[in-house]
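Just so we're aligned, residue 7 is where the sequence shown starts under my numbering, counting upward by one.
Glycine is no exception: its CB is placed at the ideal position from the N, C-alpha and C atoms.
What follows is a set of notes on a single structure, which appears directly below.
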Amino acid sequence: MLKPDLLRQHISQAVPWLRDNPDNLAVYVQKGRMVSTGQRSASFEYEYTIEGLAMDYPEPLDSLSLPILAWARLYQPELLFNPDRARDGITFEADILSNSTMDVLIKIQASEAVVVKVEDGKPVIHHRADPMPGPELGAWSLVFEGTVNGEAGKD
Numbered sequence: 007m008l009k010p011d012l013l014r015q016h017i018s019q020a021v022p023w024l025r026d027n028p029d030n031l032a033v034y035v036q037k038g039r040m041v042s043t044g045q046r047s048a049s050f051e052y053e054y055t056i057e058g059l060a061m062d063y064p065e066p067l068d069s070l071s072l073p074i075l076a077w078a079r080l081y082q083p084e085l086l087f088n089p090d091r092a093r094d095g096i097t098f099e100a101d102i103l104s105n106s107t108m109d110v111l112i113k114i115q116a117s118e119a120v121v122v123k124v125e126d127g128k129p130v131i132h133h134r135a136d137p138m139p140g141p142e143l144g145a146w147s148l149v150f151e152g153t154v155n156g157e158a159g160k161d
């Protein structure tokens, strides 16, 4: 599975506090399943929940939410573009620890296609990339280019 590591990298790059405090970010998968049609091809799909836990997080929740949504736009776009998947595709729980810190658990429903081909009599496994959104990024381009610093947006 590639997406948990991609999520960690994206959050660490986009959120300065977590980049400076990497031990306060845990990304893991506790539950998932493998889906195969059982047909001639051995290709299959992983479906799993990525859990990201930001511990003792002192920044506004927005500073974590925006990079996660930007990651989903790149790697799980249906969680944003499909209303049925968007409803429960990304959820969170927050445990307020003090006036200035919280533990935040983000859960993301992910899928990852695995293409299996036979070359020279041996299986060759390739994780297929998800379709990328169109070239119009709009305000998302700011998230992909820089970091999120928790400042309120100006209208």
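Between P10 and V35, the gap from beta carbon to beta carbon is short of 8 Å. Inter-residue distance for H133 and E84 is about 18 Å (C-alpha atoms, whole angstroms). Here A119 carries a strand assignment [DSSP, helix/strand/coil].
In this structure, DSSP gives P129 an extended state, which the three-state scheme calls strand.
DSSP assignment within the stretch 31-69 yields the following whole beta strand (DSSP E) runs of 3 residues or more, N-terminal first: 31-41, 50-63. Collapsing the DSSP output to three states places L111 in a strand. Judged by beta-carbon spacing, L31 lies within the 8 Å limit of L24, meaning their Cβ atoms are closer than that value.
If you check the CB distance, Y63 and V33 do not come in under 8 Å.
Burial is judged here by how many other beta carbons sit within 10 angstroms of a residue's own beta carbon; M108 has at least 16 and is buried. For the options N88, P129, A92, the alpha carbon positioned closest to that of I114 is the one of A92. The beta carbon of V122 lies closer than 6 Å to those of A48, S49, P129, I131 in the same chain, with the five residues before and after it left out. Y54 sits close to G38, with the two beta carbons spaced by under 8 Å.
Straight-line measurement puts the Cα of Q15 at about 12 Å from the Cα of P22.
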